[in-house]
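All remarks here apply to the structure that follows.
In my numbering, the protein residues as written are 115 to 302.
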């Protein structure tokens, strides 16, 4: 709302806002659904994502989901799998990162972006096999990544595009920047 957008749907327990902020959210939202902060089985993010997919969303961009709480941040990254399984395009974006999840069904094509200079690959499944990278400073050919390895950290695109292909497994593709300028942080 501070960026000039009124919510179409405000959904959650709203336990991290003041009463004044809650009333402002309620007043400016087209629809408002509140739940008990304790007696619920899903995080607010999962509730909102599930609702969006039930409405037919085909492209989800999650913002504000990587924060100070590591448990919530990791859970939100794991939610990318739910969208992948539903066939919904999905990514998490903040001032320093863009996180996508891919499997072997389609290659992922990345284009140079001055915002995100580093590309890291981390397995979300126990093992990701048949990883092939082209257009990167450090190419991979039929590589395997397992949880606990750092081989896929901090690669760089060198051409007009980079292509990532995976034969089997779930691969997190994290594009990052080491710097954040004030102009960008306010725009997300």
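C-beta atoms are modelled at their ideal positions from N, C-alpha and C, and glycine is treated no differently.
Everything numeric in this text was worked out from a predicted model, so none of it was measured.
- Proximity to residue 187 across 258, 247 and 208 peaks at 208, based on C-alpha coordinates.
- Annotation: residue 203 to residue 220 spans about 12 Å, alpha carbon to alpha carbon.
- Bridge pairing for residue 245: 257 [DSSP].
- Rounded to whole angstroms, the Cβ separation of residue 152 and residue 125 is 17 Å, and the two are not in contact under 8 Å.
- Residue nearest to residue 255 within the set 261, 263 and 246 is 246 (criterion: CA-CA distance).
- Counting other Cβ atoms within 10 Å of its Cβ, residue 170 stays below 16 and is therefore classed as exposed.
- From the listed residues 278, 231, 244 and 240, the smallest Cα separation to residue 293 is found for 231.
- For the pair residue 138 and residue 121, the Cα-to-Cα distance works out to about 11 Å.
- A Cβ-Cβ contact shorter than 8 Å links residue 190 with residue 206.
- Separation of residue 243 and residue 277 (C-alpha to C-alpha, rounded to the nearest whole angstrom) is 16 Å.
- Each residue's CA atom was taken as its position, placing residue 161 and residue 224 some 30 Å apart.
- If you draw a 10 Å sphere on the C-beta of residue 266, you find 16 or more other C-beta atoms in it, and that means buried.
- Counting only residues of its own chain and dropping the five nearest sequence neighbours on each side, residue 290 has a CB closer than 7 Å to the CB of 210, 211, 230, 232 and 234.
- Close CB contacts of residue 150 within its chain, under the 8 Å cut and outside five residues either way in sequence, are with 127 (chain order).
- Less than 8 Å separates the beta-carbon of residue 238 from that of residue 215.
- Residue pairing by DSSP puts residue 126 in a beta bridge opposite 148.
- The Cβ atoms of residue 286 and residue 179 do not sit closer than 8 Å to each other.
- Between residue 248 and the set 262, 241, 271 and 227, the nearest pair of CA atoms involves 271.
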